[in-house]
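Just so you know, the sequence shown maps onto residues 400 to 860 in our numbering.
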Amino acid sequence: MLRRLTTATLAISGLLASFTTTLLNAQDLVREAPTASTWLTDQDQYPALNQDPYYTSFSDEAAEAVEIQMANCDSCETGASGSGSCFGKCGKGSWFFDGWLDQGYTANADHPASNFNGPLGFNDRADDYQMNQLYLSFGKNVADDSCGWDYGFRTDVLYGSDYFFLESNGLERHDNGTRHWNGTGPRQNNSRALYGLALPQAYGEVFVPVGSGLKVKMGHFYSIMGYESAMAPENFFYSHSYTYVYGNPKTNTGFLTTYSPTTCLTLQAGMTNGWDNFDNINGSYGFTFGAQWKNDVSSLSYAMHNGNEDPNGDQNRYSHTIVYTRKMGSRWNYTFEHDFGVQQDAFLDSSFMNANAYYYSITNYLYYQWSNELSFGGRFEWFCDEDNWRIQQAPVQLLFTGRNYYDITLGANWRPSKNVLIRPEVRYDWSDLNPLGTTGVYDDFTKDDMYTFALDVVFSF
Numbered sequence: 400m401l402r403r404l405t406t407a408t409l410a411i412s413g414l415l416a417s418f419t420t421t422l423l424n425a426q427d428l429v430r431e432a433p434t435a436s437t438w439l440t441d442q443d444q445y446p447a448l449n450q451d452p453y454y455t456s457f458s459d460e461a462a463e464a465v466e467i468q469m470a471n472c473d474s475c476e477t478g479a480s481g482s483g484s485c486f487g488k489c490g491k492g493s494w495f496f497d498g499w500l501d502q503g504y505t506a507n508a509d510h511p512a513s514n515f516n517g518p519l520g521f522n523d524r525a526d527d528y529q530m531n532q533l534y535l536s537f538g539k540n541v542a543d544d545s546c547g548w549d550y551g552f553r554t555d556v557l558y559g560s561d562y563f564f565l566e567s568n569g570l571e572r573h574d575n576g577t578r579h580w581n582g583t584g585p586r587q588n589n590s591r592a593l594y595g596l597a598l599p600q601a602y603g604e605v606f607v608p609v610g611s612g613l614k615v616k617m618g619h620f621y622s623i624m625g626y627e628s629a630m631a632p633e634n635f636f637y638s639h640s641y642t643y644v645y646g647n648p649k650t651n652t653g654f655l656t657t658y659s660p661t662t663c664l665t666l667q668a669g670m671t672n673g674w675d676n677f678d679n680i681n682g683s684y685g686f687t688f689g690a691q692w693k694n695d696v697s698s699l700s701y702a703m704h705n706g707n708e709d710p711n712g713d714q715n716r717y718s719h720t721i722v723y724t725r726k727m728g729s730r731w732n733y734t735f736e737h738d739f740g741v742q743q744d745a746f747l748d749s750s751f752m753n754a755n756a757y758y759y760s761i762t763n764y765l766y767y768q769w770s771n772e773l774s775f776g777g778r779f780e781w782f783c784d785e786d787n788w789r790i791q792q793a794p795v796q797l798l799f800t801g802r803n804y805y806d807i808t809l810g811a812n813w814r815p816s817k818n819v820l821i822r823p824e825v826r827y828d829w830s831d832l833n834p835l836g837t838t839g840v841y842d843d844f845t846k847d848d849m850y851t852f853a854l855d856v857v858f859s860f
């Protein structure tokens with residue numbers, strides 16, 4: 400059975416590789432964007448900034464050590480108390496305290512009067528310095544073994560301009576989405592502050608010694624959807640894709656289980672309060688599920704979320720992410736991402752009748768490792784906001800023409816030392832969307848394309 404699954408996986412990998420022509424990772428160089436394997440295993444267990452998130456595998460020595468450790472546990476009763484218990488012999492989760500400072504500058508060739516880069520998220524200020532993230536994380540990991548119970552927790556605190564994109568209803572915002580503890584300023588029609596405080600993660604976790612080991616997370620945590628990450632060092636690029644900013648939830652609150660029946664397959668499932676909701680604002684619960692298959696060369700993952708997201712709990716929203724990664728020799732790596740979402744009765748057609756609203760996207764990433772200190776990358780994205788639902792948030796057919804957004808991003812990662820990461824990039828965006836009374840969505844709704852040049856520096860500690 401395992402051989403058939405492996406064969407099917409390789410067949411899918413070959414099919415995806417045949418219609419995509421480029422992309423990669425800079426493997427030992429930087430903490431770049433998390434792969435599909437990262438969100439299913441270590442993204443929310445992020446104990447060390449110098450740990451490589453790509454294609455982590457055991458060395459022969461490490462595998463032998465694990466076999467010896469597990470053999471020692473076979474002779475005792477799992478979870479038993481006393482000096483002879485496996486709980487005492489097997490590994491315990493480690494404590495950690497770490498963080499980083501991410502700051503950068505984005506130059507806009509059009510110099511918009513508003514000093515904002517249109518629909519770009521995170522590095523959204525034009526011709527201006529941004530302290531994006533002063534990020535602190537503290538907690539205790541749970542042990543990845545099946546020998547006994549283990550307990551852990553994690554708390555993340557972020558101060559900076561990125562807070563605006565990581566807020567949750569019922570925490571940083573009131574249940575109705577209005578401002579809560581952060582102040583006023585130039586964002587959102589001069590109603591929101593440029594800088595603020597966010598609490599993107601605060602959860603407890605338990606390891607249950609069942610089978611190969613079951614993890615159960617309870618609290619407030621990052622969503623398992625999406626390829627890119629809210630945590631700056633885990634991304635190759637300073638800027639983010641439209642897909643990440645508008646197509647995925649950033650956080651969930653609820654519980655999440657993780658189980659790996661084999662070394663190649665990982666499954667996740669849980670219940671949440673919905674997209675970016677700390678409180679249950681409508682009496683409805685969401686369901687999230689993820690599955691990932693990986694080997695030494697490639698990985699394929701699927702993650703989804705389904706639930707009623709409107710204030711009254713009447714409109715169902717389904718969304719998913721599919722990510723395929725593949726090594727292409729010793730220096731190149733490629734990643735393909737597809738996202739899709741639909742919300743019931745969220746769109747008004749030309750007759751002002753309710754209809755479903757859709758979005759979908761394809762994003763390609765290519766990375767090349769030049770040396771241990773330097774790597775290069777490219778990203779090409781097509782994001783279709785079919786009913787003007789996600790980006791402009793005006794899902795009325797008579798209010799716009801067009802629906803497509805594109806971006807090409809070229810960048811580099813230079814790590815002059817272990818704790819310093821420098822990321823220059825150049826990006827070109829264009830769109831065929833014309834909201835009523837405008838001539839485009841860029842340069843304060845006066846142009847249909849935009850050039851930006853950005854540079855940020857991440858100091859980890």
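Ideal Cβ positions, reconstructed from N, Cα and C, are used throughout, including at glycine.
Continuous beta strand (DSSP E) stretch holding residue i: start and end
{"i": "R586", "result": "Here R586 belongs to no beta strand (DSSP E); instead the alpha helix (DSSP H) covers R586 to N589."}
{"i": "Y701", "result": "S697 to N707"}
{"i": "M727", "result": "N715 to M727"}
{"i": "L798", "result": "Where L798 is concerned, there is no enclosing beta strand (DSSP E), given that its DSSP letter is neither H nor E."}
{"i": "G618", "result": "L613 to Y621"}
Residue i - partner residues in DSSP beta bridges
{"i": "T554", "result": "F537 and A601"}
{"i": "K846", "result": "Y841"}
{"i": "L820", "result": "V857"}
{"i": "A756", "result": "Q742"}
{"i": "I761", "result": "H737 and W781"}
{"i": "L835", "result": "In the DSSP output, where bridge partners are listed per residue, L835 has none listed."}
{"i": "G873", "result": "Any property of residue 873 remains undetermined from this structure, which presents the chain solely from 400 to 860."}
{"i": "H510", "result": "Per DSSP, none; premise fails for H510."}
{"i": "Q667", "result": "T657 and G689"}
{"i": "S865", "result": "In this structure the chain extends from 400 to 860, so residue 865 is not present and cannot be described."}
{"i": "M530", "result": "Q502"}
{"i": "R572", "result": "N568 and R578"}
{"i": "V825", "result": "L809 and F852"}
{"i": "R524", "result": "F515"}
{"i": "T652", "result": "H619"}
{"i": "W674", "result": "Answer is none; W674 lacks a bridge partner."}
{"i": "W494", "result": "K539"}
{"i": "W548", "result": "Paired residues: none, contrary to the question."}
{"i": "N803", "result": "C783"}
{"i": "N732", "result": "K726 and Y766"}
{"i": "L747", "result": "N753 and V795"}
{"i": "G595", "result": "G559"}
{"i": "S830", "result": "Y804"}
Residue i versus residue j: straight-line alpha-carbon distance, rounded
{"i": "D784", "j": "D678", "result": "28 Å"}
{"i": "K614", "j": "G503", "result": "37 Å"}
{"i": "G517", "j": "Y841", "result": "5 Å"}
{"i": "D675", "j": "V556", "result": "16 Å"}
{"i": "E463", "j": "F537", "result": "Any reading at E463 must be qualified, since the residue scores a pLDDT of 47, below 50, and its modelled position is unreliable; the value itself is stated next. Each residue's Cα considered, the two are about 31 Å apart."}
{"i": "Y454", "j": "H579", "result": "For Y454, the pLDDT reaches just 33, beneath the cut-off of 50, and the residue's location in the model is therefore unreliable, although a value from the coordinates is still provided. Going by the C-alpha atoms only, they are around 40 Å apart."}
{"i": "N803", "j": "G646", "result": "14 Å"}
{"i": "W494", "j": "A601", "result": "15 Å"}
{"i": "L854", "j": "C546", "result": "46 Å"}
{"i": "I411", "j": "S760", "result": "The predicted position of I411 is uncertain, since its pLDDT is 40 and thus under 50; a value taken from the coordinates is nonetheless stated next. Approximately 19 Å between the Cα atoms of the pair."}
{"i": "T434", "j": "S750", "result": "Note that T434 scores 38 on pLDDT, short of 50, meaning its location in the model is unreliable; the coordinates nonetheless yield the value given after this. Each residue's alpha carbon lies about 43 Å from the other."}
{"i": "L422", "j": "G595", "result": "Unreliable placement is indicated for L422, whose pLDDT of 34 sits below 50; no coordinate value is reported for it."}
{"i": "Y758", "j": "G706", "result": "16 Å"}
{"i": "S816", "j": "L664", "result": "35 Å"}
{"i": "L666", "j": "G612", "result": "12 Å"}
{"i": "L809", "j": "S698", "result": "24 Å"}
Continuous alpha helix (DSSP H) stretch holding residue i: start and end
{"i": "V644", "result": "Y641 to G646"}
C-beta atoms of residue i and residue j nearer than 8 Å
{"i": "H510", "j": "M624", "result": "no"}
{"i": "S567", "j": "D843", "result": "no"}
{"i": "Q532", "j": "W499", "result": "yes"}
{"i": "L832", "j": "F799", "result": "yes"}
{"i": "Q714", "j": "Q691", "result": "no"}
{"i": "S830", "j": "D847", "result": "yes"}
{"i": "D501", "j": "A631", "result": "yes"}
{"i": "E780", "j": "S640", "result": "yes"}
{"i": "N540", "j": "G492", "result": "yes"}
{"i": "G520", "j": "V644", "result": "yes"}
{"i": "Y767", "j": "G740", "result": "no"}
{"i": "D828", "j": "Q796", "result": "no"}
{"i": "F552", "j": "E604", "result": "yes"}
{"i": "Y658", "j": "T671", "result": "no"}
{"i": "T863", "j": "R826", "result": "Given a span of 400 to 860 for the chain in the structure shown, any question on residue 863 remains unanswerable."}
{"i": "T652", "j": "G669", "result": "no"}
Supposed contact pair residue j and residue i - C-beta distance, whole angstroms, cut 8 Å
{"i": "N575", "j": "A592", "result": "No, N575 and A592 are not in contact; Cβ-Cβ is about 18 Å, not under 8 Å."}
{"i": "V607", "j": "W548", "result": "7 Å"}
{"i": "K649", "j": "F564", "result": "7 Å"}
{"i": "T720", "j": "A745", "result": "20 Å between Cβ atoms; not a contact."}
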